[in-house]
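> Before I ask anything, here is the structure I am working with.
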Amino acid sequence: MSCLTRVLMVDLLVERATFGHGGNQEVIRPFAARCDVEMLLVTPQMQSFEAGVKAEKGYDVCLCEDDVPHWDDDYGFWESTEVDFDGRLVTFRRIVMPMHDDEARMRQWLEELGVDAVVCSGSRRNVSIWEDWMGPAETMLRAAALSGTPTLGICFGHQLLCHALGADIERADSLSSGIWDLDLTADGGEDELLTSHECGASIAGLFTHQDHVTTVPDCCTLLGHTSHNVVTAVRVKDDSGQALPAWGLQFHPEAARARIERAYEWGHITEEELAAFKGEHDGAGILNSFAAIVLENTV
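What follows is the structure, given as structure tokens:
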């Protein structure tokens, strides 16, 4: 195992401090409990395509404010910061991302960067309402997942990963917000991400989304669904049908109770959403399982 674990986050909620930077901290927390870790952040939704050329010349290029002309100034820009997790300092550092659709070159960039895992967050954008930056972002997710790099797509990240692998995405008439139990398939009932932490008979997830993945990609296995969502959890497999350490989850495992309450206090969610999010879910356990899988993969 390397002395420093590197997690690359496609950071799509920078304008929402509680679910953006706060959510990123929940993703990294179980890593920090085990090892020294660094989180590299890419923001393709804010970055210019021109800036992406820098990543072609040097794989680990710090992001500067000039590289992100679409930055939301309601959330101040920073290049790097440190967070203390029970005495372990973790660095969060923004880097430039390649902005092209060449999967082979994207895979090479990931290899040169030396990341141990790739995570894609949720977003206020929608895969069903396509934007140009989503092309490079989905290329990176596909390259990571199919190369065997542990990969996790959350909500929008789930939709973008599935879209990258050939799934259909449809927009519902209304937003779905709340906590639902997952109905696991036979494969889901044996999956290490969903069941290694299991304490009860069912797995609950916190959802807030309007886009839905409606078909399972040929290179994925359906792990679970809910009463309102037909493709809730998938796992990617290789050409021979063997499972890869790459998952898409429609729900938000990073939505810790304290983050939800703070989001309401700061006006980022409504009173109705706060009420819908009352109750317990299995997000923390799933993130703990993902961290364990990543660290086992680096041995």
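If you read the sequence shown in my numbering, its first letter stands for residue 861, the second for the next number, and so on.
In this text, a Cβ means the ideal position worked out from N, Cα and C, and glycines have one as well.
In or out: Asp962 buried (at least 16 other Cβ within 10 Å) or exposed?
By the neighbour-count rule (16 or more Cβ atoms within 10 Å), Asp962 is not buried but exposed.
> For the beta strand (DSSP E) containing His1072, name the first residue and the last one.
Here the beta strand (DSSP E) through His1072 covers Ile1063 to Val1073.
> Given 8 Å as the limit, is there contact between the segment 997-1010 and the segment 960-976, that is, 3 or more CB pairs closer than that?
Yes, the segment 997-1010 is in contact with the segment 960-976.
> If distances are taken between C-alpha atoms only, which option among Thr1068, Pro996 and Thr1075 comes closest to Gly912?
For Gly912, the nearest C-alpha among the options comes from Pro996.
> Quick check on DSSP: helix, strand or coil for Ser1087?
Coil at Ser1087, not helix or strand.
> Where does Cys1015 land, buried or exposed, given buried means 16+ other C-beta within 10 angstroms?
Per the 10 Å Cβ criterion, buried.
> Tell me, please, which residues DSSP counts as bridged to Val978.
Partner(s): Leu868 and Thr1011.
> Can you tell me whether DSSP reads Ala1135 as helix, strand or coil?
DSSP places Ala1135 in helix when its eight states are reduced to three.
> Please check the pair Asp944 and Val867, which I expect to be a contact at CB under 8 Å, by giving their CB distance rounded to whole angstroms.
Not really, about 17 Å apart at Cβ, beyond 8 Å.
> In the DSSP output, what is Arg1095 paired with across the bridge?
Arg1095 pairs with Thr1081 and Trp1107.
> Apart from the five residues just before and just after Cys863, which ones in its own chain have a Cβ nearer than 8 Å to its Cβ?
Excluding sequence neighbours, Cys863 sits near Asp896.
> Excluding sequence positions up to five away, which residues of its chain have a Cβ less than 6 Å from the Cβ of Tyr1124?
Contacts found: Leu1134.
> If I follow the unbroken beta strand (DSSP E) through Gly918, where does it start and stop?
Segment: none, Gly918 is in no beta strand (DSSP E) and carries neither H nor E.
> Mapping the DSSP letters down to three states, classify Ile1039 as helix, strand or coil.
Three-state result, Ile1039: strand.
> Would you give the residue range spanned by the alpha helix (DSSP H) that Arg889 belongs to?
Element bounds for Arg889: His881 to Ala892.
> Measuring alpha carbon to alpha carbon, tell me which of Glu1121, Leu1109 and Arg954 ends up nearest Glu942.
The shortest Cα separation from Glu942 among Glu1121, Leu1109 and Arg954 belongs to Arg954.
> For Thr999, which of Ile888, Gly1026, Leu901 and Leu1109 has the nearest alpha-carbon?
Answer by Cα proximity: Gly1026.
> List the residues that DSSP assigns as beta-bridge partners of Arg1031.
Paired residue(s): Asp1071.
> What distance in whole Å lies between the Cβ atoms of Leu1147 and Glu898, which are believed to be in contact at a cut-off of 8 Å?
That belief does not hold up - the Cβ atoms of Glu898 and Leu1147 are roughly 17 Å apart, past 8 Å.
> Going along the chain, which residues of its own chain have a beta-carbon closer than 7 Å to the beta-carbon of Leu1053, five neighbours each way excluded?
Correct list, in chain order: Trp1107, Ile1146, Ser1149, Phe1150 and Ile1153.
> Write down every uninterrupted run of the alpha helix (DSSP H) in the segment 929-998 whose length is 4 residues or greater and which is fully enclosed by it, in chain order.
Runs found: 963-973.
> Which same chain residues end up closer than 6 Å to Leu1021 when comparing Cβ atoms and leaving out the 5 residues on each side of it in sequence?
Same-chain partners within the cutoff: Leu1001, Gly1013 and Gly1108.
> What's the gap between the Cα of Trp1172 and the Cα of Asp1047?
For the chain, the structure presents residues 861 to 1159; residue 1172 sits outside this window and is missing.
> Use the C-beta contact count for Leu873: other C-beta atoms within 10 angstroms, 16 or more gives buried, fewer gives exposed.
That one is buried.
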